[in-house]
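Trainee: Residue numbers (this note's numbering): 30 to 460.
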Ligand SMILES: [Zn+2]
């Protein structure tokens with residue numbers, strides 16, 4: 030009897046191990062099943078290592094990409110293909126971080142109950158028509174255009190130029206066409222960065238709104254000579270932003286100091302990366318050391334900003350200080366980050382609305398109620414400046430924020446402002 034007991038112990042242990050193994054398998058199936066299904070060895074969804082199932086639709090329900098046994102099929106409209114190539118990704122994976130890669134599991138349509146289903150359908154928040162309008166408005170120039178719903182974080186448009194047609198396999202593309210300029214590249218922000226200086230000044234200079242400033246066209250700030258295009262005369266802080274006075278903003282950043290300026294560049298997300306459904310954006314940079322400090326506050330230092338991070342900043346200004354997490358999916362993300370206090374956001378919004386009234390001209394944006402900031406950023410080397418126009422609609426029923434950058438585009442107000450207007454007129458159809 031004792032002998033029998035001793036012999037049954039190994040069998041008992043073996044049974045325990047089998048039960049534990051089955052438990053672990055079930056547990057891992059629930060957790061990692063989608064990953065297993067999307068593994069390239071699963072012949073149900075892959076042929077020769079390629080995804081053979083799944084569809085991606087635009088906001089309007091237009092088919093942007095369909096996987097079949099014959100390979101990926103893009104939109105029938107070549108302009109839509111080009112306008113969405115950085116969003117969707119290309120056949121060879123030259124464009125990093127497209128939604129076809131991010132949502133691989135959803136495209137396969139994996140479910141625990143059914144195993145691999147018949148292929149997933151992905152409905153994006155991005156509008157194919159708006160993307161097409163944005164690429165057309167850039168008119169062959171290099172740059173980036175982003176439009177989001179600042180209440181939900183839904184991305185309505187993400188266009189980068191130069192673009193290319195993914196149907197052609199990405200051969201003979203222009204230099205730099207694989208780069209997503211909205212999320213993956215940093216540029217001299219020019220006067221758009223006065224928004225960062227202004228946010229820091231609102232929070233840290235208690236009598237800012239009581240002060241009177243005078244610009245004679247040039248000033249000496251901390252030993253550095255600062256120039257404006259002309260004498261801006263006497264003004265209050267809102268006029269200084271609307272007139273984009275370098276002398277005032279250089280003196281404000283000098284007064285605030287490099288530490289506070291650098292902290293705000295970080296807090297407002299300029300020098301940090303953020304996540305869009307798994308894509309990490311590039312980081313900008315801020316340098317307020319030594320004689321760079323005054324010009325850094327006016328927007329002509331050595332600083333760089335990623336268009337998507339400026340889009341996120343103006344979205345937060347529009348949305349009482351909260352930046353909704355950006356997403357490519359319909360319905361929004363639900364998450365948000367506070368970038369500014371409600372009071373600071375309100376003051377920036379007021380100054381940006383006033384800028385449209387005083388400088389950019391409401392008549393240039395018919396039927397729209399905008400708050401904006403332009404930038405004409407000198408890039409040196411005899412090239413035309415980068416043209417920027419960023420801002421948002423203050424109309425609650427049309428809650429969109431936008432960022433437009435045209436590389437070497439010339440005047441921010443005239444060139445990028447015009448693209449922004451075309452874009453917003455087209456975006457009205459979505460609401
Ligand atoms: Zn000035």
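C-beta: ideal position from N, C-alpha, C; glycine also.
Taking 7 Å as the cut-off, is the beta-carbon of residue 458 closer than that to any non-hydrogen atom of ligand 1?
Mentor: no
Trainee: Are the beta-carbon atoms belonging to residue 434 and residue 336 less than 8 Å from one another?
Mentor: yes
Trainee: By a C-beta neighbour count over all protein chains shown, 10 Å radius and 16 as the cutoff for buried, is residue 412 buried or exposed?
Mentor: Exposed, by the Cβ-count rule.
Trainee: To which residues of the same chain is residue 394 closer than 6 Å at the C-beta, ignoring the five residues directly before and after it?
Mentor: If we look at residue 394 and ignore the five residues flanking it on each side, its Cβ neighbours are 450.
Trainee: Any heavy atom of ligand 1 closer than 7 Å to the CB of residue 202?
Mentor: no
Trainee: CA-CA distance, residue 47 and residue 361?
Mentor: Cα atoms of residue 47 and residue 361: separation of roughly 44 Å, rounded to the nearest angstrom.
Trainee: Looking at residue 250 and ligand 1, is the gap between the Cβ and the nearest heavy atom below 7 Å?
Mentor: no
Trainee: On the three-pair Cβ rule with 8 Å, is the region 111-121 touching the region 156-172?
Mentor: yes
Trainee: From what residue to what residue does the alpha helix (DSSP H) around residue 120 run?
Mentor: Residue 120 -> no alpha helix (DSSP H), and no H or E assigned at all.
Trainee: Report the rounded CA-to-CA distance for residue 146 versus residue 137, giving the unit in angstroms.
Mentor: Low confidence applies here, because residue 146 scores a pLDDT of 49, under 50, leaving its location unreliable and the question unanswered by this model.
Trainee: Nearest to residue 85 by CA position, among 239, 154, 126, 38, is which residue?
Mentor: 154
Trainee: Taking just the CA atoms, how far does residue 418 sit from residue 446?
Mentor: 6 Å
Trainee: Hey, quick one: how far does the alpha helix (DSSP H) through residue 16 stretch, first residue to last?
Mentor: This structure leaves residue 16 out entirely; the chain is present only between 30 and 460.
Trainee: Indicate, with yes or no, if ligand 2 has a heavy atom lying under 7 Å from the CB of residue 176.
Mentor: By its list of ligands, the structure shown excludes ligand 2, since it contains just ligand 1.
Trainee: State buried or exposed for residue 299, treating a residue as buried only when at least 16 other CB atoms are found within 10 Å of its CB.
Mentor: buried
Trainee: Grab the span of the beta strand (DSSP E) containing residue 244 for me, first residue to last.
Mentor: 242-244
Trainee: Nearest to residue 179 by alpha carbon, out of 98, 296, 343, 407?
Mentor: 343
Trainee: Taking the C-alpha atoms as reference points, what is the distance between residue 307 and residue 40?
Mentor: 47 Å
Trainee: Could you have a look at residue 255 and say whether DSSP puts it in helix, strand or coil?
Mentor: strand
Trainee: Roughly how many whole angstroms lie between the Cα atoms of residue 92 and residue 151?
Mentor: 10 Å
Trainee: Could you tell me the boundaries of the beta strand (DSSP E) in which residue 430 lies?
Mentor: Element bounds for residue 430: 429-435.
Trainee: List in chain order: all unbroken beta strand (DSSP E) runs of 3+ residues lying wholly within the region 134-214.
Mentor: 150-152, 172-178, 184-190
Trainee: Report, in whole angstroms, the separation of the C-beta atoms of residue 420 and residue 401, which I expect to be a contact under 8 Å.
Mentor: 3 Å
Trainee: How big is the Cα-Cα spacing for residue 230 and residue 355?
Mentor: Their Cα atoms are separated by approximately 27 Å.
Trainee: DSSP three-state label for residue 98, please.
Mentor: In the three-state reduction of the DSSP assignment, residue 98 falls in the coil class, being assigned neither a helical nor a strand state.
Trainee: Can you tell me whether residue 359 sits near ligand 1, meaning its C-beta is under 7 Å from at least one heavy atom of the ligand?
Mentor: no
Trainee: Residue 422 to residue 346, Cα distance in whole Å?
Mentor: For residue 422 and residue 346, the distance between alpha carbons rounds to 11 Å.
Trainee: State the beta-bridge partners of residue 405 as determined by DSSP.
Mentor: 416
Trainee: Using a Cβ-Cβ cut-off of 6 Å (strictly less than) and excluding sequence neighbours within five positions of residue 436, which residues of its own chain qualify?
Mentor: 171, 172, 415
Trainee: Excluding the five sequence neighbours on either side, which residues of its own chain have a C-beta within less than 8 Å of the C-beta of residue 108, listed in chain order?
Mentor: 161, 164, 165
Trainee: For residue 396 and residue 368, which I take to be in contact (beta-carbon distance under 8 Å), what is that distance rounded to the nearest angstrom?
Mentor: The pair is not a contact, with the Cβ atoms about 29 Å apart (cut-off 8 Å).
Trainee: Just checking residue 186 against ligand 1 - is the residue's beta carbon closer than 7 Å to any of the ligand's heavy atoms?
Mentor: Not under cutoff, so the answer is no.
Trainee: Which value, in whole angstroms, describes the spacing of the CA atoms of residue 94 and residue 37?
Mentor: 60 Å
Trainee: Taking three-plus beta-carbon pairs below 8 Å as touching, is the region 318-334 in contact with the region 268-287?
Mentor: Because the criterion of three Cβ pairs below 8 Å is met, the region 318-334 and the region 268-287 touch.
Trainee: Return the chain-ordered list of same chain residues with a C-beta closer than 8 Å to the C-beta of residue 452, the five sequence neighbours on each side being excluded.
Mentor: Taken in chain order, the residues that qualify are 159, 162, 163, 166, 174, 176, 186, 431, 433.
Trainee: Given a cut-off of 8 Å, decide if residue 215 and residue 313 are closer than it, judged by their beta-carbon atoms.
Mentor: Contact check for residue 313 against residue 215 passes: the beta carbons are separated by less than 8 Å.
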